[in-house]
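Trainee: Numbering (the working numbering), first residue to last: 12 to 325. Using N, Cα and C, we set each Cβ at its ideal position, and we do this for glycine too. Since the model is a prediction, treat every value here as computed from it, not as a measurement.
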Ligand SMILES: NC(=O)c1ccc[n+]([C@@H]2O[C@H](COP(=O)([O-])OP(=O)(O)OC[C@H]3O[C@@H](n4cnc5c(N)ncnc54)[C@H](OP(=O)(O)O)[C@@H]3O)[C@@H](O)[C@H]2O)c1
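1. Let me make sure I understand the geometry here. Which of 203, 216 and 293 has the alpha-carbon closest to that of residue 133?
2. Using DSSP's beta-bridge definition, name the partner residues of residue 99.
3. Please indicate yes or no: does the CB of residue 311 lie closer than 6 Å to some heavy atom of ligand 1?
4. Quick check: the Cα distance between residue 222 and residue 97, rounded to an integer number of angstroms?
5. Work out the CA separation of residue 178 and residue 105 for me, nearest whole Å.
6. Taking 6 Å as the cut-off, is the CB of residue 5 close to at least one heavy atom of ligand 1?
7. When DSSP labels each residue in this structure, what does residue 185 get in the three-state scheme?
8. Under the DSSP definition of a beta bridge, which residues are partnered with residue 30?
9. I need the boundaries of the alpha helix (DSSP H) containing residue 310, first residue and last residue.
10. In the DSSP assignment, the beta strand (DSSP E) including residue 168 goes from what residue to what residue?
11. Determine the burial state of residue 39: buried for a count of at least 16 other Cβ atoms within 10 Å of its Cβ, exposed for fewer.
12. Helix, strand or coil for residue 226 per DSSP?
13. Can you have a look at residue 57 and say buried or exposed, based on whether 16 or more other CB atoms are within 10 angstroms of its CB?
14. Tell me, which residues are paired with residue 268 by DSSP?
15. Hey, how far is the Cα of residue 143 from the Cα of residue 168?
16. Can the beta-carbon of residue 84 be found less than 7 Å from the beta-carbon of residue 101?
17. Using CA atoms only, rank isn't needed, just tell me which of 17, 93 and 207 is closest to residue 325.
18. What distance in whole Å lies between the Cβ atoms of residue 148 and residue 184, which are believed to be in contact at a cut-off of 8 Å?
Structure below.
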């Protein structure tokens, strides 16, 4: 591939490391065609840490040599590469205390947790939040963020990862292979749902009246369809897909919404501060060489990753 062209408000980043996400596999497999209609050929990869080698004419916040990290915006992704052009508004200075590989593990999951717990969930001190799959990429970050916000955190994991999620601050840990979370958790203010439809349905019942469930694993709803400016037939599909869960939520007097995280340099800058001050730490599973990117994707597709998987590029 040739080096990407820069727009006036873009920075060119020489990529040192790229985080690997299930979103990459899902887009590759065509699961996201309705939401993100990419035209082939294109480069996958949604997380980057690297060094700015060039800035566009209107760039104000960054200069050549800055060490940065980002989740580039949809339709401008492509971090499984040596260079990427990213809008400066989507970039933040990399946390000083992290390696490039550690920094590349943060943006997509960090922003997902931020947008779910803070922006949409408005999670407050003293509230109770249930974060599913605490040992995964999103879960390991979300537990730490929720504890920082002063919430009581419940999570699910298998026996092998119980100590890990406890070390991140989880207060109530449920071994999902042994126990049914629905029988243990009651009166929760917020659920971050990342699993299948059955788990989603059960999760509605652990909420207190007026509580919120934010799902990052679907089904997409009509508000989301509007947000992305989807055509009428996509809006209709999303209304139908989410109608069952919306009805069940209404019956229980709880609120359901779908979140698809977005690039956001300002929020990432706040995440940098939390990492610089040691409040949030990356949880890394494995680093693969660039030539083994396919193997890195297969590894996360196993569903067993403990924290994040990253590809080292430079
Ligand atoms: N909408 C969005 O903006 C958005 C953003 C990020 C992610 N997502 C989606 O959210 C989901 C999670 O993403 P991720 O990156 O965190 O995944 P991940 O890192 O691949 O998750 C792996 C972890 O999930 C745990 N796990 C697997 N099955 C479980 C179950 N039934 N109950 C509890 N834990 C379970 C595993 O622990 P054990 O080995 O102990 O089972 C493993 O540690 C994916 O579907 C992803 O595509 C959506």
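Mentor: Short version:
1. 203
2. Paired residue(s): none; residue 99 is not in a bridge.
3. yes
4. Distance between the alpha carbons of residue 222 and residue 97: 37 Å.
5. 24 Å
6. Examination of residue 5 is not possible in this model, given that the chain is present from 12 through 325 alone.
7. strand
8. 321
9. 304–312
10. 163–168
11. exposed
12. Residue 226 carries a strand assignment under DSSP once its states are collapsed to helix, strand and coil.
13. buried
14. 225
15. 8 Å
16. yes
17. 93
18. Your pair residue 184 and residue 148 does not check out as a contact, with CB atoms roughly 18 Å apart and the cut at 8 Å.
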